[in-house]
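*Asks:* If you scroll down you'll find the structure; I have some questions about it.
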Amino acid sequence: QIDGNRPSLADSAYSNALWAAKIGQSWRTDTDIGFTREVVFQNVLRNLDHDASHPKAAGTGHWNDPDYLAPQLGMTATEAQAQMTMWAMLAAPLMLGSDPRKLSPASIRMLTNPDVIAVDQDRLATQGTAVGQRRSGQIWVKTLVGGARAVAILNRGSSPVQMTTSLRTIGIARASHYQIENLWTHTTVTTTTGAIRARIAPHAAV
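My numbering numbers the first residue of the sequence shown as 1195 and each following residue consecutively.
Set out below in structure tokens:
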């Protein structure tokens, strides 16, 4: 607040999601994620959490905006990829805060991954939500057109964490087999259980 009073909470970014969909296509849901070369992963988690508190505000033509993507602006490559993963799960506007002329080829490949972008821009226009947690690990699910699910496992902590999902958690009906595609490694496996098990590095998401 600039003077201890303005703006009011109702008129601030912390309440935008309650009214902005009626007048705009996107709105910020938290403060700046950082400044040039000052972005830290804890700010990513802060903005992720506040954006996630209003999932139903998002929909076709109107989006919660947790702020810009920030590869090579202070975070590690793992953290930047985790941010891209979670922003896609949020159906967030994918706006770049970094100077694209200075980004590494690896960062460019990460930002232009068509499968991850497709999750973000899925026509069903739902915002993913957290559906499970174990220690520092979280499981997020986003429903996609045609009944598929995007699943992200995020490790918010500083130690590796082992996570396992279930059909009930993912929201997929029982079937004889399931196809699971890793959108970052571009590998696909077929399983009869539908479970996803992964060991997640610190500050990473798969």
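Backbone N, C-alpha and C fix where the C-beta goes; we use that ideal spot for every residue, glycine too.
Report the option in Gly1351, Thr1363, Pro1354 and Arg1350 whose CA atom is closest to the CA atom of Thr1337.
*Replies:* By one-based count along the sequence shown, residue 1337 stands at place 143. The shortest C-alpha separation from Thr1337 is found at Thr1363.
*Asks:* Could you tell me how far apart the beta carbons of Gln1266 and Val1238 are, in whole angstroms, since I believe they sit closer than 8 Å?
*Replies:* As a position in the sequence shown, residue 1266 is number 72, starting the count at 1. As a position in the sequence shown, residue 1238 is number 44, starting the count at 1. Their Cβ separation, rounded to whole angstroms, is 14 Å, which puts Gln1266 and Val1238 out of contact at 8 Å.
*Asks:* So is Val1400 buried or exposed if we call it buried at 16+ other beta carbons inside 10 Å?
*Replies:* Taking the sequence shown and counting its residues from 1, one reaches residue 1400 at position 206. With 16 or more other Cβ atoms within 10 Å, it is buried.
*Asks:* Just to confirm, are Ala1324 and Pro1354 a CB contact at a threshold of 7 Å?
*Replies:* Indexing the sequence shown from 1 puts residue 1324 at position 130. Indexing the sequence shown from 1 puts residue 1354 at position 160. Result no, Cβ atoms of Ala1324 and Pro1354 do not sit closer than 7 Å.
*Asks:* Buried or exposed: where does Val1339 fall if 16 or more other Cβ atoms within 10 Å of its Cβ makes it buried?
*Replies:* Taking the sequence shown and counting its residues from 1, one reaches residue 1339 at position 145. Label assigned to Val1339: exposed.
*Asks:* To the nearest whole angstrom, what separates the beta carbons of Ala1342 and Thr1279, a pair I think is in contact under 8 Å?
*Replies:* Working through the sequence shown from its first residue, we reach residue 1342 at position 148. Working through the sequence shown from its first residue, we reach residue 1279 at position 85. The pair is not a contact, with the Cβ atoms about 16 Å apart (cut-off 8 Å).
*Asks:* Please report the residue range of the alpha helix (DSSP H) in which Arg1281 lies.
*Replies:* One-based indexing of the sequence shown puts residue 1281 at position 87. It should be pointed out that residue 1281 corresponds to Trp in this sequence rather than to Arg. Per DSSP, Trp1281 belongs to the alpha helix (DSSP H) from Ala1271 to Met1283.
*Asks:* For the alpha helix (DSSP H) holding Val1310, just list the boundary residues, first then last.
*Replies:* Reading the sequence shown from its first residue, position 116 is the one you call residue 1310. Here the alpha helix (DSSP H) through Val1310 covers Pro1308 to Asp1314.
*Asks:* For Arg1222, which of Thr1387, Ala1246, Ala1204 and Asn1258 has the nearest alpha-carbon?
*Replies:* Along the sequence shown, read from residue 1 onward, the residue named residue 1222 stands at position 28. Comparing Cα positions, the closest option is Asn1258.
*Asks:* Where does Gln1373 fall in DSSP's three states?
*Replies:* Along the sequence shown, read from residue 1 onward, the residue named residue 1373 stands at position 179. DSSP places Gln1373 in strand when its eight states are reduced to three.
*Asks:* Cα separation between Leu1290 and Arg1391?
*Replies:* Residue mapping note: residue 1290 aligns to position 96 of the sequence shown, counting from 1. Residue mapping note: residue 1391 aligns to position 197 of the sequence shown, counting from 1. Spanning the two alpha carbons is a distance of roughly 31 Å.
*Asks:* If you draw a straight line from the C-alpha of Ser1202 to the C-alpha of Pro1287, how long is it?
*Replies:* Your numbering for residue 1202 matches position 8 in the sequence shown. Your numbering for residue 1287 matches position 93 in the sequence shown. Roughly 25 Å separates the two Cα atoms.
*Asks:* For Gln1236, which option in Thr1254, Thr1387 and Ser1330 has the closest C-alpha, if you only look at C-alpha atoms?
*Replies:* By one-based count along the sequence shown, residue 1236 stands at place 42. Here the closest residue by C-alpha is Ser1330.
*Asks:* Apart from the five residues just before and just after Asn1307, which ones in its own chain have a Cβ nearer than 8 Å to its Cβ?
*Replies:* Taking the sequence shown and counting its residues from 1, one reaches residue 1307 at position 113. Here the set comprises Met1278, Leu1377 and Trp1378.
*Asks:* Could you give the DSSP three-state label for Asn1199: helix, strand or coil?
*Replies:* As a working note, residue 1199 is residue 5 in the sequence shown. Correct three-state label for Asn1199: coil.
*Asks:* Could you check the C-alpha separation between Ser1370 and Thr1384 for me, to the nearest Å?
*Replies:* As a working note, residue 1370 is residue 176 in the sequence shown. As a working note, residue 1384 is residue 190 in the sequence shown. Computed Cα separation, rounded: 10 Å.
*Asks:* Cutting at 7 Å between CB atoms, please list the residues of its own chain near Arg1393, excluding the five before and the five after it.
*Replies:* The residue you call residue 1393 lines up with position 199 of the sequence shown. So the qualifying residues of the chain are Pro1354 and Gln1356.
*Asks:* Please state if the CB of Tyr1372 and the CB of Gly1351 are separated by a distance shorter than 7 Å.
*Replies:* The count along the sequence shown starts at 1 and reaches residue 1351 at position 157. The count along the sequence shown starts at 1 and reaches residue 1372 at position 178. No, Cβ-Cβ distance for Gly1351 and Tyr1372 is not below 7 Å.
*Asks:* Within its chain, find whatever has a CB closer than 6 Å to the CB of Met1283; leave out the 5 residues flanking it on each side and keep chain order.
*Replies:* Your numbering for residue 1283 matches position 89 in the sequence shown. If we look at Met1283 and ignore the five residues flanking it on each side, its Cβ neighbours are Gly1322, Trp1334, Lys1336 and Ala1346.
*Asks:* According to the neighbour-count rule (16 or more other Cβ atoms, all chains shown, within 10 Å of its Cβ), is His1380 buried or exposed?
*Replies:* For the purposes of this step, residue 1380 is taken as the residue at position 186 of the sequence shown. His1380 is exposed by the Cβ-count criterion.
*Asks:* Which class does Arg1328 belong to by DSSP, given the choice of helix, strand or coil?
*Replies:* Taking the first residue of the sequence shown as position 1, residue 1328 is located at position 134. Arg1328 falls in the strand class under three-state DSSP.
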